[in-house]
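A short write-up of the structure that comes next.
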Amino acid sequence: MNLNIALLAGDGIGPEIVEQALRVTKAIAQKFGHELHTKEALVGAVAIDATGNPYPDETHELCMNSDAVLFGAIGHPRFDNDPSAKVRPEQGLLAMRKKLGLFANIRPLITFPSLLDKSPLKTERIEGADFVAIRELTGGLYFGQPQGRSENGDTAYDTCIYTRMEVERILKLAFEFAMKRKKRLTVVDKANVLATSRLWRQISKEMEPQYPEVEVEYMFVDNAAMQLIQWPKRFDVMVTENMFGDILTDEASVIAGSLGMLPSASIGVHTSVFEPIHGSYPQAAGKNIANPCATILSAAMLFEYAYALDKEASLIRKAVEASLEAGAVTEDLTDDKANALSTSAVGDWIVAYIQNC
Ligand code: IPM
Ligand code: MN
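In the numbering used here, the protein residues as written are 795 to 1151.
Put into structure tokens, the structure is as follows:
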């Protein structure tokens, strides 16, 4: 198969981790006889520096003309510490999500047996936890208008808006995911307070009869935050709005032992984007110490979602698991810092495993 993939490495550790995911993708393409074509484009702070725009038109065009996008991270401390900055790297990510119509962000959470002791939670609580969080990605507080400040600057406002169309399409996807899994769906909202949540709940109840096999539960987001930590194994598919999903999935990542392990897929109307759920980790940028596994596992999701190449995806996951079991890990995953591998050495290990498999 011809694989046309756009590489948007972005800021911070983005370039280092995308490089390793690209090497893994090349190894897989070679092994399975695919022809890989990649093109790079700018996004985030590097794009602001080069063009003044965090998501330049050329980048959007490349994404639109590719089968899939492999994305690193964006964000720079220079902007975090300057609330008055007019253009921010994060706007690039939000513009990309909106323009590509990426309304669903899929964040699978599994535990790796060899990492159980890295989680701050007790092993018996998390062992075997396996769920998918589906986060709505192009609506809610992130995009609602009006957003801004009053003239004197002393009042600020954000607007949370959801339309029936937006809610229906994300819930449909969530019901379909549940059908392919254990047929349990948790709809997370704040329907005791928010009008948008009540719309979500109403639409979900209307849709329930179309999926009679799916057992649906409704959970307030504050309760969900607690249940995630207390009893993560109770979840199968969780669906929620943009902001709740942002917060709950960071929380969920500690279950896996490291934020450095979790991949994601953003899918919707146009080209899908595959990215780690962690950020740009500026303290580690350029040091070759960051964990590349979340990005490598995002490449696995790319093979699965963008091309339905499941064997390729499985081999990547198997290689990552083997590296963990062999202790070929970066410093976030070991107490033995002296023997921790670099970002590129973990890439070497995983590529070699794939080649020798
Ligand atoms: C994420 C990130 C982004 C978000 C930021 C960088 C805008 O935290 O992908 O979860 O809040 O969506
Ligand atoms: Mn986030």
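Every residue, glycine too, gets a C-beta built ideally from N, C-alpha and C.
DSSP bridge partner residues for residue i (one or two, in chain order)
i, result
"residue 993", "None; residue 993 has no bridge partner."
"residue 951", "942"
"residue 927", "901 and 1032"
"residue 983", "1014"
"residue 1070", "1057"
"residue 1009", "978"
"residue 829", "796"
Backbone secondary structure at residue i - three-state DSSP
i, result
"residue 1089", "helix"
"residue 835", "coil"
"residue 969", "helix"
"residue 1061", "strand"
"residue 1140", "helix"
"residue 865", "strand"
"residue 808", "helix"
"residue 1049", "helix"
"residue 797", "strand"
"residue 803", "strand"
"residue 988", "coil"
"residue 851", "helix"
"residue 1151", "coil"
"residue 1042", "helix"
"residue 1075", "coil"
"residue 884", "helix"
"residue 910", "helix"
"residue 877", "coil"
"residue 957", "coil"
Option nearest residue i by Cα separation, candidates the options
i, options, result
"residue 898", "1085, 1069 and 1143", "1069"
"residue 1112", "907, 901, 1036 and 1135", "907"
"residue 1060", "991, 1047, 1053 and 1095", "1095"
"residue 1073", "835, 1066, 880 and 1085", "1085"
"residue 1120", "892, 1135, 979 and 816", "1135"
"residue 905", "1052, 1123 and 1102", "1052"
"residue 826", "1150, 1106, 1007 and 1151", "1106"
"residue 1025", "1036, 1046, 1005 and 948", "1046"
"residue 1066", "1082, 892 and 822", "892"
"residue 1076", "798, 866, 856 and 857", "866"
"residue 943", "914, 1048, 1144 and 877", "877"
"residue 813", "1115, 984 and 1080", "1080"
"residue 977", "950, 985, 983 and 1006", "1006"
"residue 1137", "818, 864, 1102 and 799", "818"
"residue 1115", "1132, 1020, 1102 and 1145", "1145"
"residue 824", "1133, 964, 1109 and 1140", "1109"
Chain D within 9 Å of residue i, Cβ atoms only
i, result
"residue 848", "Given the protein chain composition of this structure (a single chain), no chain D is represented."
### Message
Counting beta carbon pairs with one atom in the segment 918-926 and one in the segment 946-959, are three or more of them shorter than 8 Å?
### Response
Remark: fewer than three beta-carbon pairs, one from each stretch, lie closer than 8 Å, so the segment 946-959 and the segment 918-926 are not flagged as touching.
### Query
Do three or more CB pairs link the segment 859-875 to the segment 1036-1044 at distances below 8 Å?
No, they do not touch.
### Task
Spell out a yes or no on whether the segment 941-956 and the segment 975-993 are touching, meaning 3 or more CB-CB pairs, one atom from each, closer than 8 Å.
Output reads yes: the segment 975-993 touches the segment 941-956.
### Query
For the segment 801-815 against the segment 830-844, are there 3 or more C-beta pairs whose distance is under 8 Å?
Yes, the segment 801-815 touches the segment 830-844.
### Message
Would you call the segment 924-944 in contact with the segment 996-1004, where contact means no fewer than 3 C-beta pairs closer than 8 Å?
### Response
Under the 8 Å Cβ criterion, the segment 924-944 does not count as touching the segment 996-1004, having fewer than three qualifying pairs.
### Task
Let me have the residue list for the ligand IPM: C-beta closer than 5 Å to any non-hydrogen atom, ordered along the chain.
Any residue whose Cβ sits closer than 5 Å to a heavy atom of the ligand IPM makes the list: 884 and 1040.
### Task
Check whether the segment 848-865 touches the segment 879-898, counting contact only when three or more Cβ pairs, one atom from each stretch, lie closer than 8 Å.
Cβ pair count under 8 Å is three or more, so yes.
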